[in-house]
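Enquirer: Chains as they are written, first to last, in this note's numbering: chain A, 2 to 110; chain B, 2 to 110.
In this text, a Cβ means the ideal position worked out from N, Cα and C, and glycines have one as well.
2 protein chains.
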Amino acid sequence: MRADKRKKLEAAGWTVGDAQDFLELSPDESAYIEMKLALGHSLKARRSQQHLSQVELAKRVKSSQSRIAKMEAGDPSVSIDLLVKSLLALGASPEEVARAIYSGNSQAA
Amino acid sequence: MRADKRKKLEAAGWTVGDAQDFLELSPDESAYIEMKLALGHSLKARRSQQHLSQVELAKRVKSSQSRIAKMEAGDPSVSIDLLVKSLLALGASPEEVARAIYSGNSQAA
DNA sequence: TAAATATATGTCAGATATGGCATATTGTCA
DNA sequence: TGACAATATGCCATATCTGACATATATTTA
Numbered sequence: 002m003r004a005d006k007r008k009k010l011e012a013a014g015w016t017v018g019d020a021q022d023f024l025e026l027s028p029d030e031s032a033y034i035e036m037k038l039a040l041g042h043s044l045k046a047r048r049s050q051q052h053l054s055q056v057e058l059a060k061r062v063k064s065s066q067s068r069i070a071k072m073e074a075g076d077p078s079v080s081i082d083l084l085v086k087s088l089l090a091l092g093a094s095p096e097e098v099a100r101a102i103y104s105g106n107s108q109a110a
Numbered sequence: 002m003r004a005d006k007r008k009k010l011e012a013a014g015w016t017v018g019d020a021q022d023f024l025e026l027s028p029d030e031s032a033y034i035e036m037k038l039a040l041g042h043s044l045k046a047r048r049s050q051q052h053l054s055q056v057e058l059a060k061r062v063k064s065s066q067s068r069i070a071k072m073e074a075g076d077p078s079v080s081i082d083l084l085v086k087s088l089l090a091l092g093a094s095p096e097e098v099a100r101a102i103y104s105g106n107s108q109a110a
């Protein structure tokens, strides 16, 4: 299984190796997960660019290191709201957040 | 007070008329609220375009009429996640969702 | 190598968002 | 006008997300 496919399934809350491997994601579910992954990548890119550790970013957005890690990994337990708020806290504009959503390019925002 | 300003404050969970009228929103809070309002407008525009009632849309996205109304009104109790999922359910692509986020134009998505 | 720092993963009690429901308000049409 | 459909608003029990914490696993540096 390709790494990104596996990641997508995991982001959907599935455990790879299950019988559910064969389940299909609906186009909507798929799009939703891709958006979250894209936002997570963008968050990591921005954080790295500013030479911040997850701990430092967590303090800035009043979250926790573990939640930052989960955001960047596309963990199914994190909301788009938190991702957006974090990006804004890193100085992204709404337009940059928007670009992060549909551009596969992690540099986008 | 301008209508959109009032709406923004209400979306932030404030009651206009309070002493809190004078509080300022941080740029991040402001941007976040504007994004939610923009998504709400886009949702309403798309729903109208497809001649769907709030009840019909609610059934399609397995939500409720009241939640649809709150989404479209920018109620502070609704998440961006639900707005995004609803737009996707109305046939919007991730790119259109993205455009809905930063474009003030409610037709955008 | 070991120590130090950064990131990943699992869990959980408390906080927030959710659908559903009742009901108020608005809009439409005869 | 009244009857009816659509939308708005308030409430609540439950589901989901949250920060915090512990701890495992990299990654870096001396």
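1. At 8 Å on the CB atoms, spell out the chain B contacts of D29 (chain A), in chain order.
2. Out of B:S64, B:L91, B:K6 and B:G41, state which residue places its alpha-carbon closest to the alpha-carbon of H52 (chain B).
3. Could you tell me the alpha carbon to alpha carbon distance between I114 (chain B) and A13 (chain B), rounded to whole angstroms?
4. Using only the alpha-carbon positions, how far apart do V17 (chain B) and V17 (chain A) sit?
5. Could you pull out every residue in the same chain whose Cβ sits closer than 6 Å to the Cβ of A59 (chain B), ignoring the five residues on either side in sequence?
6. Looking at the C-beta of K69 (chain B), does it have a partner C-beta in chain A at a distance below 7 Å?
7. Taking 8 Å as the limit between beta carbons, can you name the residues of its chain near S31 (chain A), skipping five residues before and five after?
8. D5 (chain B) to A101 (chain A), Cα distance in whole Å?
9. Which residues mark the beginning and the end of the alpha helix (DSSP H) in which Q51 (chain A) is found?
10. Examine chain A for any beta-carbon lying closer than 7 Å to the beta-carbon of L99 (chain B), and answer yes or no.
11. With DSSP collapsed to three states, give me the class of G14 (chain A).
12. Would you kindly work out how many angstroms separate the C-alpha atoms of A99 (chain B) and A99 (chain A), rounded to a whole number?
13. Can you check whether the C-beta of E11 (chain A) is within less than 7 Å of a C-beta belonging to chain B?
Expert: From the atom records:
1. As a position in the first sequence, residue 29 (chain A) is number 28, starting the count at 1. The answer, in chain order, is K86, L89 and A90.
2. Along the second sequence, read from residue 1 onward, the residue named residue 52 (chain B) stands at position 51. The option with the nearest alpha carbon to H52 (chain B) is B:L91.
3. Residue 114 (chain B) lies beyond the stretch modelled for chain B, which goes from 2 to 110, so this question has no answer here.
4. Reading the second sequence from its first residue, position 16 is the one you call residue 17 (chain B). Reading the first sequence from its first residue, position 16 is the one you call residue 17 (chain A). Straight-line Cα distance between these residues: approximately 50 Å.
5. Counting from one through the second sequence, the residue named residue 59 (chain B) turns up at place 58. Only S65, Q66 and I69 meet the Cβ criterion.
6. Translated into the one-based positions of the second sequence, residue 69 (chain B) becomes position 68. It should be pointed out that residue 69 (chain B) corresponds to Ile in this sequence rather than to Lys. For I69 (chain B), the answer is no, since every Cβ of chain A falls outside 7 Å of its Cβ.
7. Residue numbering aside, residue 31 (chain A) sits at position 30 when the first sequence is read from its first letter. For S31 (chain A), where only same-chain residues beyond five positions count, the Cβ hits under 8 Å are K9.
8. For this step, residue 5 (chain B) is matched to residue 4 along the second sequence. For this step, residue 101 (chain A) is matched to residue 100 along the first sequence. Their backbone Cα atoms lie some 27 Å apart in a straight line.
9. The count along the first sequence starts at 1 and reaches residue 51 (chain A) at position 50. Counting along the chain, Q51 (chain A) falls outside any alpha helix (DSSP H), and DSSP gives it neither H nor E.
10. Here residue 99 (chain B) refers to the residue found at position 98 of the second sequence. At residue 99 (chain B) the sequence reads Ala, which differs from the Leu that was named. Cβ-Cβ to chain A under 7 Å: yes for A99 (chain B).
11. Residue 14 (chain A) sits at position 13 when you count from the first residue of the first sequence. Here G14 (chain A) sits in coil by DSSP.
12. As a working mapping, residue 99 (chain B) is identified with position 98 in the second sequence. As a working mapping, residue 99 (chain A) is identified with position 98 in the first sequence. Going by the C-alpha atoms only, they are around 4 Å apart.
13. The sequence position of residue 11 (chain A) within the first sequence is 10, counting from 1. No, because no Cβ of chain B sits closer than 7 Å to the Cβ of E11 (chain A).
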